[in-house]
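Asks: I have a structure here, written as structure tokens, and I will follow up with some questions on it.
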Amino acid sequence: MYYELYIDVFFLENLMMDSLLLLALDHILKCGSTRGRLFLCAALGSLLTCAVVAAPLPGAVKLFLFHACINSAMLFAGLKIKNMPQFVKALILLYAISAFMGGIMQILRPYMRVASLFYCAAFGSYLLLMRMWKLLSHMAEHQTAILEVTLYTSKGEKTVRGLWDTGNSLRDFITDDPVNILDPEILSEITDLPEAEKGFHLLPYRCIGGNQVMKVFRIDKMCVHAGRDGGDRWIQKPLFGVGEERLSQNKEYEIILNPGILS
Numbered sequence: 075m076y077y078e079l080y081i082d083v084f085f086l087e088n089l090m091m092d093s094l095l096l097l098a099l100d101h102i103l104k105c106g107s108t109r110g111r112l113f114l115c116a117a118l119g120s121l122l123t124c125a126v127v128a129a130p131l132p133g134a135v136k137l138f139l140f141h142a143c144i145n146s147a148m149l150f151a152g153l154k155i156k157n158m159p160q161f162v163k164a165l166i167l168l169y170a171i172s173a174f175m176g177g178i179m180q181i182l183r184p185y186m187r188v189a190s191l192f193y194c195a196a197f198g199s200y201l202l203l204m205r206m207w208k209l210l211s212h213m214a215e216h217q218t219a220i221l222e223v224t225l226y227t228s229k230g231e232k233t234v235r236g237l238w239d240t241g242n243s244l245r246d247f248i249t250d251d252p253v254n255i256l257d258p259e260i261l262s263e264i265t266d267l268p269e270a271e272k273g274f275h276l277l278p279y280r281c282i283g284g285n286q287v288m289k290v291f292r293i294d295k296m297c298v299h300a301g302r303d304g305g306d307r308w309i310q311k312p313l314f315g316v317g318e319e320r321l322s323q324n325k326e327y328e329i330i331l332n333p334g335i336l337s
């Protein structure tokens, strides 16, 4: 069987794919490489690929050069790889991203009648990959923002899940202490009568529905379990406000933590 290869088209197609792969890897691994550096390394990889394809070498040798030499050169030069674990991670991601983008382009192959559609499909698969990565990153950050918290009150101990909300800047107008928000459904497990707790008062606040007030009181103490890296954080006599509605419809968390409690 005879195949006719246009080396210039082959070079441009590889240049684009290598550029998109390096851009995606740089974004995911946060290497901080400039786009100029990435495009230059992609051009080098495409040039070396064309040279290997044109060279009269055995198939096994070409396969080795493609996967062991050219890919490694692009990763080390383009992403500024500094150690072997980082290289292994980058190499695994390279093949995973290549499989993802290649799969999308394979699906669209019957519709790619001209070369311009190939470039559109490649760029589209890159945008889809970045969108999915952003979504997964957001989900991961949301999960890590949910911490286990133990509340110590006159009724004993209560372990709940707290959302570490950097957007919660609510503070008490009397003491200027940060206010944590408590789900009304677990109020009875914390206290029998909020009005009888220490520091009870009504706190006006503004929300989407307009100006409202919430019951605010103090508990004895609480411990925020931040995991092995962060350790346990103890807060004496934290201030809690009782929300009007359930904080999480699917009960992912029962309180909203104010980041100001650690300042």
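Residues in the sequence shown are numbered from 75 upward in steps of one, following our numbering. Beta carbons: idealized from backbone N, C-alpha and C, even for Gly.
DSSP on Pro278, reduced to helix/strand/coil?
Replies: strand
Asks: Would you kindly report the start and end of the unbroken beta strand (DSSP E) that includes His299?
Replies: Lys295 to His299
Asks: Going by other Cβ atoms of all chains shown within 10 Å of its Cβ, with 16 needed for buried, is Met288 buried or exposed?
Replies: buried
Asks: Can you list, in chain order, the residues of its chain with a C-beta nearer than 8 Å to that of Phe150? Leave out the 5 residues immediately preceding and following it.
Replies: Phe161
Asks: Just how far apart, CA to CA, sit Leu201 and Ser107?
Replies: 19 Å
Asks: Along the chain, where does the alpha helix (DSSP H) that runs through Ile264 open and close?
Replies: Under the DSSP assignment, Ile264 falls in the alpha helix (DSSP H) whose first and last residues are Leu261 to Ile264.
Asks: Return the first residue and the last residue of the beta strand (DSSP E) that Glu326 is part of.
Replies: Looking at the DSSP string, Glu326 is not in any beta strand (DSSP E), and its letter there is neither H nor E.
Asks: I need the boundaries of the alpha helix (DSSP H) containing Asn145, first residue and last residue.
Replies: Asn145 to Gly152
Asks: If we count the other Cβ atoms within 10 Å of its Cβ and call it buried at 16 or more, is Met206 buried or exposed?
Replies: exposed
Asks: Out of curiosity, what's the CA-to-CA distance linking Gln217 and Phe291?
Replies: Model confidence at Gln217 stands at a pLDDT of 49, short of 50, so the residue's coordinates are unreliable; what they give is reported in the following sentence. In a straight line, the C-alpha of Gln217 is about 28 Å away from that of Phe291.
Asks: Cα separation between Cys194 and Ala134?
Replies: 32 Å
Asks: Alpha carbon to alpha carbon, what distance is there between Ile155 and Cys115?
Replies: 13 Å
Asks: How about Ile171 and Leu209: do their beta carbons lie closer than 8 Å?
Replies: No; because the gap between Cβ atoms is not below 8 Å, this pair is not in contact.
Asks: Taking the alpha carbon of Val298 as the point to measure from, which residue in Ser243, Gly176 and Val234 has its own alpha carbon closest?
Replies: Val234
Asks: Thinking C-alpha only, which one of Pro333, Phe274, Pro278 and Ser337 is nearest Phe247?
Replies: Pro278
Asks: Using the C-alpha atoms, what's the distance from Ala270 back to Asn340?
Replies: Here the chain comprises residues numbered 75 to 337, so residue 340 is not present and cannot be evaluated.
Asks: Which value, in whole angstroms, describes the spacing of the CA atoms of Phe274 and Ala300?
Replies: One C-alpha to the other measures close to 28 Å.
Asks: Identify the continuous alpha helix (DSSP H) that holds Arg109 and give its terminal residues.
Replies: Arg109 to Ala128
Asks: So if DSSP puts Met288 in a beta bridge, which residue, or which two residues, is it bridged to?
Replies: Leu277
Asks: Which partner residues does Gly315 have in the DSSP bridge list?
Replies: Answer by DSSP bridge pairing, in chain order: Ile255 and Val290.
Asks: Which residues in the same chain have their Cβ closer than 8 Å to the Cβ of Pro258, if we skip the five residues on either side of it in sequence?
Replies: Val316, Gly317, Glu318, Glu319 and Arg320
Asks: Take every Cβ of the segment 86-93, pair it with every Cβ of the segment 109-129, and state whether three or more of those distances are shorter than 8 Å.
Replies: yes
Asks: Which term fits Trp238, buried or exposed, when burial requires 16 or more other beta carbons within 10 angstroms of its beta carbon?
Replies: buried
Asks: Following the continuous alpha helix (DSSP H) through Gly133, name the residue where it begins and the one where it ends.
Replies: It spans Gly133 to Phe138 - the alpha helix (DSSP H) in which Gly133 sits, taken as one unbroken run.
Asks: What are the start and end residues of the beta strand (DSSP E) that includes Ile102?
Replies: Note, Ile102: premise wrong, no beta strand (DSSP E); alpha helix (DSSP H) at Ile81 to Leu103.
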